[in-house]
Amino acid sequence: MIRLQNIEKVYRTDTIQTLALNSINLDIEKGEFLSIMGPSGCGKSTLLNIMGLLDMPSKGSINIDSQVTDNFSDKQLAAFRNKKLGFIFQSYHLINDLQVLDNVELPLLYRDTTAKERKQLATEALEKVGLSNRIKHFPTQLSGGQRQRVAIARAIVGRPEIILADEPTGNLDSAMGNEIMDILLQLNRDEGTTIVMVTHDEHMAKKTHRLVRLFDGSQVQ
Ligand code: ADP
Ligand code: ADP
Numbered sequence: 001m002i003r004l005q006n007i008e009k010v011y012r013t014d015t016i017q018t019l020a021l022n023s024i025n026l027d028i029e030k031g032e033f034l035s036i037m038g039p040s041g042c043g044k045s046t047l048l049n050i051m052g053l054l055d056m057p058s059k060g061s062i063n064i065d066s067q068v069t070d071n072f073s074d075k076q077l078a079a080f081r082n083k084k085l086g087f088i089f090q091s092y093h094l095i096n097d098l099q100v101l102d103n104v105e106l107p108l109l110y111r112d113t114t115a116k117e118r119k120q121l122a123t124e125a126l127e128k129v130g131l132s133n134r135i136k137h138f139p140t141q142l143s144g145g146q147r148q149r150v151a152i153a154r155a156i157v158g159r160p161e162i163i164l165a166d167e168p169t170g171n172l173d174s175a176m177g178n179e180i181m182d183i184l185l186q187l188n189r190d191e192g193t194t195i196v197m198v199t200h201d202e203h204m205a206k207k208t209h210r211l212v213r214l215f216d217g218s219q220v221q
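Taking the UniProt record's numbering, the leading residue of the sequence shown gets 1, the next gets one more, and so forth.
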C-alpha cells in the first residue's frame, strides 16, 4: 500500500545540515497497522510527513496504492492526499471556532459533494467514534479524548484507505488513550484501513501488527 525506497531527508539551514532520514526502505501492506517508535528527534514525524506527502524527501521514491508520486505537482499531491489519506495529530488540530460537525465536514469541501451529503457523511463519521451527541459543541467544550475523536471522524469522513497518526494518544491520560487506540484498532479490523502510527507508548505499539524503530534517522528494527 505504501512503499518507500531509499528515502533520505536532509534539512538545511544557513549553518546546519541535519540528516533526518537515512536510506529508509519500508513496505506497508494494505490493511496493516504499523507503529513507529524511537527517541525524540530520530525522524519519526519527518517519516510520517513524507509518507503523507506533506513533505518531500531529498532522495528516494514513494509509491502509494501503486502510484509513484515522486513527480506529482503540488496540485496533484493535494488531490491525492485528500482522496487517499487521513491525518491525526497529537494536538488534534481542530478549528476552535467551528462546531464539531463543521470541523468533520472540512475535508469534504475539497470534493464534489452537496451540503446535504457532507452533513450526512460527517454525522456517520461522528457516530463511528461515539460522538453523535456532540455535533453542535465547539472543540473547546470537549475533553481531550473527545477532541481526538472529532479529529478521527474528520480523518475518516472521506473514507481514506490510509490513516497516518502522529502520537494520537500523546496528550491523553491512559484511559482516554486506550479509547482512542480501540477506535483505531476497530477501524483497521472492520474497514481494513491501513494505519501508520507514531507513538512513544510501547503498550500501544504492542497492539499493532508491526513495529519499526528509528534511531538517528535510520531504521534499526
Ligand atoms: P521526531 O519526530 O522523531 O521527534 P523529527 O522528524 O521531528 O523527529 O526530526 C528529525 C530531525 O530533523 C531532528 O534532528 C530535527 O531537529 C530535525 N528537523 C525536523 N524538522 C526540521 C526543520 N523543519 N528544519 C530543520 N531541521 C528539522
Ligand atoms: P503534532 O503536530 O504531531 O500534533 P504537536 O503539535 O502536538 O505535534 O507538538 C507539540 C509541540 O511540541 C509543537 O510545538 C512541536 O514543535 C513540539 N515538539 C514536537 N516534537 C518535539 C521534540 N522532539 N522536541 C521538542 N519539541 C517538540
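Ideal Cβ positions, reconstructed from N, Cα and C, are used throughout, including at glycine.
Query, Result
"Which listed residue (Gly144, Asn188 and Gln99) has its alpha carbon closest to that of His137", "Gln99"
"Near ligand 4: Thr13 beta-carbon under 7 Å from a heavy atom", "This structure simply doesn't include ligand 4; it includes ligand 1 and ligand 2 instead."
"Check: Ser40 C-beta below 7 Å from any heavy atom of ligand 1", "yes"
"C-alpha distance - Asn49 paired with Asp201, whole-angstrom precision", "20 Å"
"Proximity to Lys206 [Cα-Cα], best of Leu101, Asp182 and Asn82", "Asp182"
"Cα-Cα separation between Ser58 and Ser23, rounded to whole angstroms", "11 Å"
"Outcome for Tyr92 when other beta-carbon atoms lying within 10 angstroms are tallied against a minimum of 16", "buried"
"Local Cβ density within 10 Å of Val68, reported as buried at 16 or more and exposed below that", "exposed"
"6 Å Cβ shell around residue 222 - same chain, five flanking residues per side excluded", "A question about residue 222 goes unanswered here, because the residues of the chain that appear run from 1 up to 221."
"Range covered by the beta strand (DSSP E) that runs through Val212", "Arg210 to Phe215"
"Sequence ranges, alpha helix (DSSP H) only - wholly within the segment 132-182, length at least 4", "144-156"
"Same chain only: Cβ atoms within 7 Å of Cys42, ignoring 5 sequence neighbours per side", "Leu214, Phe215, Asp216 and Gly217"
"C-alpha distance - Ala20 paired with Tyr110, whole-angstrom precision", "32 Å"
"Identity of the residues DSSP links to Asp27 by a beta bridge", "Arg3"
"Supposed contact pair Lys84 and Asp65 - C-beta distance, whole angstroms, cut 8 Å", "6 Å"
"Nonlocal neighbours in the same chain, by C-beta distance under 7 Å from Gly38, ignoring five residues either side", "Lys44, Arg213, Leu214 and Phe215"
"Neighbourhood of Arg149 by C-beta, 6 Å cutoff - its chain only, sequence neighbours within 5 removed", "Val129 and Leu131"
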